Each structure stands twice: as structure tokens, then as C-alpha cells.
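Chains as they are written, first to last, in my numbering: chain A, 1186 to 1296; chain B, 43 to 156.
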Amino acid sequence: DAGITQSPRYKITETGRQVTLMCHQTWSHSYMFWYRQDLGHGLRLIYYSAAADITDKGEVPDGYVVSRSKTENFPLTLESATRSQTSVYFCASSEQGYEQYFGPGTRLTVT
Amino acid sequence: AQSVTQPDIHITVSEGASLELRCNYSYGATPYLFWYVQSPGQGLQLLLKYFSGDTLVQGIKGFEAEFKRSQSSFNLRKPSVHWSDAAEYFCAVGEAGGSYIPTFGRGTSLIVHP
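Here it is, written out as C-alpha cells:
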């Protein structure tokens, strides 16, 4: 099916563990983004990618790592999860600055 | 740097009443403007967008928005709200011909009373 998918949809992990959130899009959009959404903060950009093998930091990149070896995939890794990283994470894609298409989100809880 | 302000954190309306959600932006160049809606537990969905041309744009679900350059505003309107419109609404601004990273407002939560 065409679209943008995220997995897992829900994840509970412990402090200090490594977690990877997956994002996959079928449109071959050049741009992909990772946001976190927290009450009182709206959407905050973590990382973005303009093309395969090109990534750049957003507003809140600390504690996160991304890679983009293929155009359609943009995984986000929390190298050592902390409680402050409990959040809802959204992946999005877009083509050349036009509207973004968002995934359904991953709700991550760090205990 | 570009910024987006949604002055109302919450808006409460009765079903059938008209709606206007405010969005103001700070930007020096020609902006690309967007409104997104987020229903509970879901991702954001594009309602409408403005790039150029007619300043009154129509979107999905009966929404419209008007770009007013003199007021740096892009307010979202709907003539008659339905209970299913209860959601979070986000305004976003992008840069025409520049960075492809949009800036989002903090969002406005719409509550609809029966």
C-alpha cells in the first residue's frame, strides 16, 4: 500500500536501552523528517534528511541518531533511552518543500 | 528566523456554529502556508495549503483559509462545525525557494459541544 508507515506503533523500554523506530514511505519523496510531540511543546523537529545519505539536525537532536541509506527508509535510534525521551514520535515525508505527509506515530514510553 | 503563532491554545464552539482559528507568521519572504489537522491518536493530515495566487484557499472537510499579507495572517475558517471536527489544528509556514523545513505553530485544540 502506498503511504508512510511507522513501526512499532507502541513501545515500552527501560532507561539505558537502545531503541530504533522505523519509518518507511512509498512515494520516493526526497525529504523525510522526525518529530517528537509533547504536551505544551507542539511538534519539535529532531532530524531531517534531504536525500539518501544526507541528514541534518533539527531543533532537538541530542540523544538521537538517524541514517538514510535508502530513499524510502529513515530509522531513528535512541542510543541510550532516557525518561525525557518518553514521547510520541512522528515521521513525515515531503517533496521539495511542499506539504508533508505524516505517519501514524509511535508512542514510546521509557521506564 | 521564521515563526508561527497560534494565539489560542483551546477553542470551544457549539456544533453548527462557525469557526475561525487564528494563525500569524513572521517571515520576510514569500511564505508557503499550511493547515494540518490531528485527530486523537493519529498523525497530522493536510487540510489546505497556500503557495500563490488566490488568497482564499479551499481545503478538505469544508475548511477554507485566507492569506492576508498585510496582517501576516492565515486564518482557518469553517461556516458550520461538526462534532467530528474536534481535533488539534496546526498552522505551518515554509519558505518559498529556500529551506524546505516548515515551522509549525504550537497548535489549537478545538472542542465541539453538542
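Ideal placement from N, C-alpha and C gives every residue a C-beta, glycine not left out. Keep in mind that this is a model prediction, so the values were computed, not measured.
For the beta strand (DSSP E) containing A:Cys1208, name the first residue and the last one. Val1204 to Gln1210
Does A:Tyr1195 get closer than 8 Å to chain B when you measure Cβ to Cβ? By this cut-off, A:Tyr1195 is not an interface position.
DSSP three-state call for B:Ile53: helix, strand or coil? Here B:Ile53 carries a strand assignment [DSSP, helix/strand/coil].
At the level of alpha carbons, what is the spacing between B:Asp127 and A:Tyr1286? 20 Å
Does B:Pro49 have its Cβ less than 8 Å from a Cβ in chain A? No - not a single Cβ of chain A is within 8 Å of the one on B:Pro49.
Proximal chain A residues relative to B:Lys103, where beta-carbon distance stays under 9 Å: Those within 9 Å of B:Lys103 in chain A number zero; the least Cβ separation is about 15 Å.
Below 9 Å on C-beta distance, what does B:Gln44 contact in chain A? Those do not exist, as B:Gln44 stays about 13 Å from chain A at its closest Cβ, beyond 9 Å.
Please list, in chain order, the residues of the region 1271-1295 of chain A that have any C-beta partner in chain B closer than 8 Å. Under the 8 Å Cβ criterion, the region 1271-1295 of chain A contributes Phe1275, Ala1277, Ser1279, Gln1281, Gly1282, Tyr1283, Glu1284, Gln1285, Tyr1286, Phe1287, Gly1288, Pro1289 and Gly1290.
How would you label B:Lys120, buried or exposed, when you count the other beta carbons within 10 angstroms and need 16 or more for buried? buried
Go ahead and pull the three-state DSSP assignment for A:Arg1194. Of the three classes helix, strand and coil, the one that applies to A:Arg1194 here is coil, per DSSP.
Strictly under 8 Å for the Cβ-Cβ distance: is B:Pro156 near chain A by that measure? It does not: the Cβ of B:Pro156 has no partner Cβ on chain A nearer than 8 Å.
Within this structure, are the beta carbons of B:Leu63 and B:Val55 separated by less than 8 Å? No, they are not a contact pair.
Interface residues of chain B around A:Gly1201 at Cβ under 7 Å? The premise fails here: A:Gly1201 is roughly 28 Å from chain B at the closest Cβ pair, so nothing lies under 7 Å.
Give me the chain A residues within the contact set of B:Gln100, using Cβ-Cβ distance strictly less than 9 Å, ordered along the chain. Result: empty, since nearest Cβ-Cβ is about 15 Å, beyond 9 Å.
Since B:Trp77 and B:Gly104 should fall inside the 8 Å C-beta cutoff, what is the C-beta to C-beta distance between them, to a whole number of angstroms? Going by Cβ atoms, the distance from B:Trp77 to B:Gly104 rounds to 13 Å, so no, they are not a contact pair.
Is the region 1254-1264 of chain A close to the region 65-74 of chain B, with three or more CB pairs under 8 Å? no
Using CA coordinates, which residue listed in B:Ala59, B:Gly147 and B:Ser122 is at the minimum distance from B:Tyr131? B:Gly147
My guess is that A:Gln1191 and A:Cys1208 are in contact by the Cβ rule of under 8 Å, so how many angstroms apart are they, rounded? 5 Å
Going by DSSP, what residues sit across from B:Pro73 in a beta bridge? B:Glu137
Indicate whether B:Val46 and B:Thr150 have their beta-carbon atoms separated by less than 8 Å. Cβ distance not < 8 Å, so B:Val46 and B:Thr150 don't count as in contact.
List the residues of chain B whose Cβ lies closer than 8 Å to the Cβ of A:Leu1168, in chain order. Nothing in the structure corresponds to residue 1168 of chain A, since chain A is present only between 1186 and 1296.
Show which residues of chain B have a CB atom less than 8 Å away from the CB atom of A:Gly1227. Phe132, Phe146, Gly147, Arg148 and Gly149
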